[in-house]
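The structure appears below as C-alpha cells.
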Amino acid sequence: MLLSVRDLRASYGAFNVLHGLDFDIEQGSVTTLLGANGAGKTTTLRALCGMIKRSGTIEFDGKPINRVKTEDIVRLGIAHVPEGRGTFTTLSVEENLHLGAMTRPRGEVADDVDRVYALFPRLRERSGQQAGTLSGGEQQMLAIGRALMLKPRLMLLDEPSFGLAPLIVEELFGILDDIKTNMKVSMLLVEQNAALALDLADRAYLLETGTIAFSGSSAEIRDDEAIRNSYLGY
Amino acid sequence: MNTSISMRAIGTAVGFSVIAFAAASAQEMGVTDSTIKIGIIQPLSGPASAYSQIAYTDQAYIKMINDNGGVCGRQIELILYDDGYSPPKTVEQARKLVESDEVFLIFNGLGTPTNSAIQKYMNAKKVPQLFVATGASKFGDHANFPWTMGWQPNYIAEGKIYARYILDQHADGKIGILYQNDDYGKDYINGLRAGLGDKADDMIVMEQPYEVADPTVDSQIINLKSSGADIFINIATPKFAAQAIKKAAEIGWKPLHIVNSVSNSVGSVLKPAGLENAVDLISANYGKDPQDPQWKDDEGLKKWAAFMDKYYPDGDKTSSFTVFGYGVTQTLEHVLKNSCDNLTREGVMKSAASIKDFETDTALPGIKINTSETDFYPIEQMQLMKFNGERWELFGDVIDGSQATN
Amino acid sequence: MLAGIATGGIYACMALAVVMIYQAIHHLNFAQGEMAMFSTFIAWQLLQWGFPYWLAFVLTIGISFVGGFIIERTVFKPIENAPVLSHIVVFIALFAIFNSLAGFIWDFTIKPFPSPFGNASLFGDGLIGAHQAGMIVMTFVVLVLLFAFFRYTRVGLAMRAAAANPESARLVGIRVGMMTGLGWGMASAIGAVAGILIAPVVFLEPNMMLSILLYGFAGAVLGGLTSPGGAVFGGFAVGVVENLAGTYIPVVGAELKLPIALFLIIAVLVFKPNGLFGRTIVQRV
Amino acid sequence: MTASQDNVSIVTGKAGTRPVAATPGAIASLAVLALLVACPFFLKNFHIFQLNLMLVYAIAIMGLNLLTGFNGQFSLGHGAFYAIGAYTTAILMDQYDIAYFWTLPVAGIVCFVAGFLFGLPALRLENIYLALATFALAVATPQMLKLSVLEHWTGGVQGIVIFKPDAPFGLPLNQDQWLYFFTLAVGLLLYWAARNLIRSRAGRALMAIRDNPLAARSMGINVSLYKALAFGVSAFFTGIAGALAAIVIQFVAPDSFTLVLSVALLVGLVVGGVGWLPGAVVGGAFIVFVPNIAEEISKGLSGAMYGVILILLIYLMPTGAGGLIRTVTDRLRRR
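Residue numbers (my numbering), protein chains in the order written: chain W, 1471 to 1704; chain X, 1367 to 1772; chain C, 21 to 305; chain F, 771 to 1105.
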C-alpha cells in the first residue's frame, strides 16, 4: 500500500471538518474522493500534506508522516496540485516548472522540463511569459506540470476541472490518463465532476460531512444507480 | 506674527501674580532643610538626542556640587525627564515636575518649541524656568515672562556681530546663506539683515534653507556656489555645518566662510569635516574650545577636564555640549549660592536677575555674565575668531551683541 | 540637476535595499534604515579597532547578514500569523530599539567615516566627487549581483517563490521560513553596504538614516517595488526632482522641496499605480 | 449610551456581527466608565492632565480605527489631520477670540473636508502606495506648518499659545477637571456616533469594502465615494482630537505634529485592537504612559525599553487588546 490513512481528523479552529477517515491508495492507482461541496474533500488533501492541523495516522510507503512538515512531505515524493492551482503568478512559466523540481538534484531538471513541455506543448510556447497571464486551462496544465517535475510517487489533485471549459477539461483528463498509464504516477483526485473522475479512477471514496459514506471500485459506484442518484446527481 | 493680544493678557496675569508673592510661605515648594529639588527636561531620545550630553553634563555637575557639600547647606535633588523634543511631551513633563514632583525650579530646558510650550505655564505657576538652552531671543522677555531666562547669547545678536564684521571688512561682498528652516536659522538671518541695514538686499544673493530631516545639504552648497556668492554664512547645526564645510572644499568653493557659534566646535564639527577643509573659517564664540591647544594650561578648562574625568567619564571631551553644560550649571550654582538667605522661587529669580560680572570657568577671558531686572540675557558678549588649521585664533575685541545692534 | 544626482546616489542605494526586503517579505520594513545605521556603526567600530577597510567592510556585511537572519527567526517567527499591522508595529519597535541602542553605545555626536574612493573632485567642476562616483558604481555592482542571484540561482528563485506565494512554495518543498530569514539577512547586508557608502557623505550618527529611508521608500515606490533597476532609477529621480523643486519653484520651493517631491511621486503613482518600472500583474481567473 | 450597547462592542470585535450574552461586557464597560468619571476627584491635576491626554489620543485612534479597522484603508499620516484640527482651534481662539467649544465642530469640519480631498486621489492607491502617500503627508505636515507665507496665522516654529478655559456655570471644578470632563463628554458622544455609524447601512458598506471591494462594487456600493467618505469621517474624529489637544496643552507648534505622532497613533491603534472601538482607550493609555514607564526603567535606553515593551505586548496579544478580550471571552463562554 502506498498510502494508508486511519482515523484522520482535522479542524479549522474550533470547527471540526473531518471525523475520522480511513482509506488507502494502492501503488500505481488513481483514487478519487467524491462528495458535495463542504464534505471535506479539500480538507482531506490539505490534512495529508500537513497544511492544517490533523490527527490520526497517515503512513506513506509504510512510514508515518502525520508529524512531518509540508516541506518534508514534498521531499518524500508527494506532489499537491492545490485548489486554485497555486501557480506563482509573478514568475515565468519556466521558473514555475523549475520550482517544482526544487528538492531534486539540479542536473536532471532540464530534461524533465523538456518532458513536461512535450506533454503540454502550449506551455513551451509560453515558457517566458508570466504565469499570471496564462488562461485558466494553461495555468492548470502548468500546475500539473510543476507537480510532475517532482517525479512524484503520489499526486494529490484538487478539482483540476474547476472553472474550465468542457473542451479543455477533456484535453486535461486525457493527459492525466496518459500520466497514469505511461508514467505510473499514483493519484488522489478530488473532483466535483464525478463521471469524469470515475472514468479515470480505479477506486472511489464517497465523502459525506467529514466521514466516508461509501467506498468501492469505480465500476461498482458507476453502476450503483442509488448512489449515483443520491450522491453524485447524474 | 500676531500674538499681541495674548502677550498683553499674559502681562496682566503676571501683574496679578506679583501681589501673590507676599503670600509665599517661609519654606518654598521643592526646598527642605536638607534638599533643593530641581528638574531638567531635555531630549534624551528622538531626533534631537545629540543634545542629551548637555543634560548628562548638568547632572554630573550637580553631583559634583553635592559631593562638595551642596549649596546653601542643602543637597540638590535632580530629576531629569525626557521630552523627545516634542512640545506636548514637554508640557506633560513640566507639569509632572511642578505638580507631582514639586520641584523648586526647572533648569536648562532645551529647544525653542519645547520651551515655548511651557513658558506660559511656568509663568502662571510662578516657577522659575531658568537658563533655557536656546538662543531664541524670546526667552529674555522680562516684562511679560518674569520667570523665564535664557543663558547663551541670542542668535539675533550673533547675526549682528557677523554683519558688522562683514560691513567692516568685506563691504562689497556677495553673501550666500545656508540656514536651518526654523526659528534658529531665521533669528540669525534677522540679526544679519538688521545688522546689514539697507545693504542687506543688495548683498545677500541667495538663501538656501534645509530641514532637520534632510539627509545632506550637498545640493544646497552646490546651488550656493553657483550663485556666485563670495561670503558664505553657515547657519547650521553641527552635522550639517560639517557637511557644508566638507562639501564646499570638495567642490573647490573657497568663499569667506562664517560658521555660526552653534557649530564651531573643533572636535565635533571641524574634525569630522576635515581640519584642512576648515582653514580660514570665521566664527564667534563665548566659551573656550577644549580642543584648542591655547587653553592647554588654562585654569578653568583644567577644572572642567578634572570634572569630566571624575563625574562624566563617558562624556565626549571634544564636544562643545559638555562645555556648555558645565558653564550653565556653574551659573546656576552661582545663582543658588547668592539666594541662600532667601531660598524662594522669587529669591532665585531676583538673584538670577542681578548677576554682576560673573565669569564661568569655561567662558573666554573677558566674557562676563551680567543681568539686571531689565536685562534677562545673561551672556551677550562674543569674540570673533579665525581657524588656522589647528585651532581658533581670537581676533578683535570682545563684542557686546547688544551694542552691535546699531 | 547635477546637484540632484549627487544626493540621488544616496537615495538609490537605499531604495535598492528597500526593494530587496520587499522582495523577500512583501513588507516595507521601517526599521531597515536603523538596521543599516547599526551595521555602519559596527563597521566604524571595527575600523577603530584597526581592521583594514575592506576587511571591516566584508566582516560587517557578514555580521549584518547573520544579524538580519537572526532577527527574523527570533523576533518575527513567533508572530508569523499575526496581522500585517502588528508586524508594522514590531518594525517600529525595532526602529526604537536600534536607534536607542546605537545612541547608548556610540553616543549621538557625528563621526566621520572614511571613503575608500577618496574625496577628489572628478568632473562637473567638482559636482560629482570620487566618492559619489564610487558609490554609484558600487550601487550598480550590487544591483547586477542581485539580479544575477535572483535570476540564475536556485536559492534566488526559491526566495522569489516564497515571497510570491508562501503556501505554494511549501508545496514544492521550499522552506519558506528559512527563505524569509535569508531575505532579511540579505536586506540587512545590503543595508550595511548602503550605510557604509552613505556615511562618508552624511556623517555617521544614530539618526542618519531617518530621512534617507523615506527617500529610499519614495525612490523604490516610484521605480516600482518589484524592480531593483527601477528602484535605482527612482532614487536618482527623487534626488533630481527634489533639487529642481527647490531651485525653480518660487516662494515655497526651497522650504517645501521634500513635500513637493513627494507630491509629485504620489501624482505619478495615481496614474501608474505600480511605479514606473513595476510589472503589472494581469490576473485571469 | 445604554449598557447593552456597550456590551456588544466589548465582546465582539466587529460590532454587531455576533450576538452575545449581556452581563460581563456590560458590567466591564460600566465599570470602566465609572472609573473614568471618578478619577478626577482623586487624582492630582497633573494626573488628570495625563488622563485627559489619554482620552484625546483615544479619540484620534478611534478616528483612525474607522478608517483602518472598518474600511481597511491604511494611514501613517493621521498626525496631519490631528495637526489641522489643533491649528484650526488655535487660530480661531488666538486670532478671532472664538470660544473653545465652538472651535471643535469647525475643526472637525475642516478636517472632514481635508480628509475627503486627500481620500480622493488616495483612492487609486492600494496598500503600500497608500502607506507611502500618508507617510509623505505626515512628513510634510510640520514643514507646511512652518511655511513663512503662513506664519501670520501659524506663528511659524514658535507656534501659538492659547488659554485654558475655566469651568462654566460656576461648577466647582478646576480647569483640569473641567477640561477632562469636557473631553470625556466629547469622546463619549463621538463613540456613540461611531458605533451608530458602524451599525448603519453606511457602516456595513464600509466593512463590505474592507472585506471584498470587488463584491462590494457588484452589490451596488459606490466604492470610491465610500472610501473617500471614510477618510473624511476618520479625519473628522482625529481633527476633533487635535482640537482638544490644542486646548488641553494650550500650545501648538510644528514640532508637536511630526511623524512621531502619526506613528504613535498607529501603534495605539494596533495595541488597542484594530476593528474594536473601545480599544482606543487602551491605545491612548499606551501612548501616554508606556514612554514614561520606559523612561523609568532606563533613561539612556528608554527607546530600546519602549521597543521591547511593544514587542512583548504584540507577542502577548498579536491582535491587540481587542483580540485578547475576544479570545478570553470566547474561552469563558465555552466553559
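All C-beta atoms in this analysis are idealised placements derived from N, C-alpha and C, irrespective of residue type, glycine included.
Limits of the alpha helix (DSSP H) - the one that residue i falls within
i         : result
Ile1587/X : Asp1584 to Ser1592
Gly1570/W : Val1563 to Gly1570
Gly1490/W : Where Gly1490/W is concerned, there is no enclosing alpha helix (DSSP H), although the beta strand (DSSP E) it sits in stretches over Phe1485 to Ile1495.
Ile1555/X : Asp1549 to Leu1562
Arg987/F  : Pro983 to Ser988
Ser1705/W : Chain W is shown from 1471 up to 1704; residue 1705/W falls before or after that span and cannot be answered.
DSSP beta-bridge partners of residue i
i         : result
Glu1759/X : Lys1752/X
Lys1436/X : The sequence as given places Gly at residue 1436/X; Lys does not occur at that position. Answer is none; Gly1436/X lacks a bridge partner.
Ser799/F  : Answer by DSSP bridge pairing: none, since Ser799/F is not bridged.
Asp1582/W : According to DSSP, which records beta bridges pairwise, Asp1582/W is partnered with nothing at all.
Ala1549/W : Met1625/W
CB contact below 9 angstroms: residue i versus chain F
i         : result
Ser120/C  : yes
Ile1484/X : yes
Asp1549/X : yes
Pro1311/X : Only positions 1367 to 1772 of chain X appear in this structure, which leaves residue 1311/X out of reach.
Gly1396/X : no
Ser1629/X : no
Pro1453/X : yes
Minimum Cβ-Cβ distance from residue i to chain X less than 9 angstroms
i         : result
Phe137/C  : no
Leu821/F  : no
Val1030/F : yes
Ile218/C  : yes
Thr27/C   : yes
is_contact[residue i, chain W] using C-beta, thresh 9 angstroms
i        : result
Val192/C : yes
Arg304/C : A caution first: Arg304/C carries a pLDDT of 37, below 50, which makes its placement in the model unreliable, though a value can still be read off. Taking Cβ atoms only, chain W reaches closer than 9 angstroms to Arg304/C, which makes this a yes.
Arg195/C : yes
Thr306/C : Given a span of 21 to 305 for chain C in the structure shown, any question on residue 306/C remains unanswerable.
Neighbour-count burial assignment, residue i, 16 or more Cβ in a 10 Å radius
i         : result
Thr1398/X : exposed
Val86/C   : exposed
Arg1692/W : buried
Phe291/C  : exposed
Ser1370/X : Confidence at Ser1370/X is low in this model, with a pLDDT of 39, below 50, so its placement is unreliable and the value that follows should be read with caution. Exposed, because fewer than 16 other Cβ atoms sit within 10 Å of the Cβ of Ser1370/X.
Asn1507/W : exposed
Asn1630/X : buried
Arg1537/W : exposed
Pro1575/W : exposed
Gln1497/W : exposed
Boundaries (first-last residue) of the beta strand (DSSP E) holding residue i
i         : result
Val1625/X : Leu1622 to Val1625
Lys1403/X : Thr1401 to Gln1408
Leu1688/X : In the sequence as presented, Leu is not what sits at residue 1688/X; that position holds Thr. Counting along the chain, Thr1688/X falls outside any beta strand (DSSP E), though it belongs to the alpha helix (DSSP H) covering Ser1686 to Asn1704.
Asn1474/X : Careful: Asn1474/X lies outside any beta strand (DSSP E) and carries neither H nor E.
C-beta neighbour in chain C for residue i, strict 9 angstroms
i         : result
Pro938/F  : no
Tyr899/F  : yes
Asp1766/X : no
Ser1649/X : no
Met824/F  : no
Val1689/X : no
* What residues in the segment 1657-1687 of chain X bring their beta carbon closer than 7 angstroms to a beta carbon of chain C? -> Across the segment 1657-1687 of chain X, CB contacts with chain C closer than 7 angstroms involve Asp1682 and Ser1685, in sequence order along the chain.
* At a Cβ cut of 9 angstroms, what residues of the segment 228-244 of chain C count as close to chain X, listed as they run along the chain? -> Those residues of the segment 228-244 of chain C that come within reach of chain X (Cβ to Cβ, closer than 9 angstroms) are Met228, Met229, Leu230, Ser231, Ile232, Leu234 and Tyr235.
* Using Cβ-Cβ distances below 8 angstroms, what residues of the segment 159-189 of chain C are close to chain W? -> Arg174, Leu177, Ala178, Arg180, Ala181, Ala184, Asn185, Glu187, Ser188 and Ala189: these are the residues of the segment 159-189 of chain C whose beta carbon lies less than 8 angstroms from some beta carbon of chain W, given in chain order.
* Scan the segment 1563-1584 of chain X for residues whose Cβ lies nearer than 7 angstroms to a Cβ of chain C and list them as they occur along the chain. => Contact annotation: in the segment 1563-1584 of chain X, residues whose CB is within less than 7 angstroms of a CB in chain C are Gln1574, Pro1575, Glu1577, Ala1579, Asp1580, Pro1581, Thr1582 and Asp1584.
* Using a Cβ-Cβ cut-off of less than 9 angstroms, give me the residues of the segment 84-118 of chain C that come near chain F, in sequence order. => Residues Val95, Pro98, Ile99, Asn101, Ala102, Pro103, Val104, Leu105, Ser106, His107, Ile108, Val109, Val110, Ile112, Ala113, Leu114, Phe115, Ala116, Ile117 and Phe118.
* Chain-ordered residues of the segment 911-929 of chain F with a beta carbon less than 8 angstroms from chain C -> Look at the segment 911-929 of chain F: the residues with a C-beta under 8 angstroms from a C-beta of chain C are Gln913, Met914, Lys916, Leu917, Ser918 and Val919.
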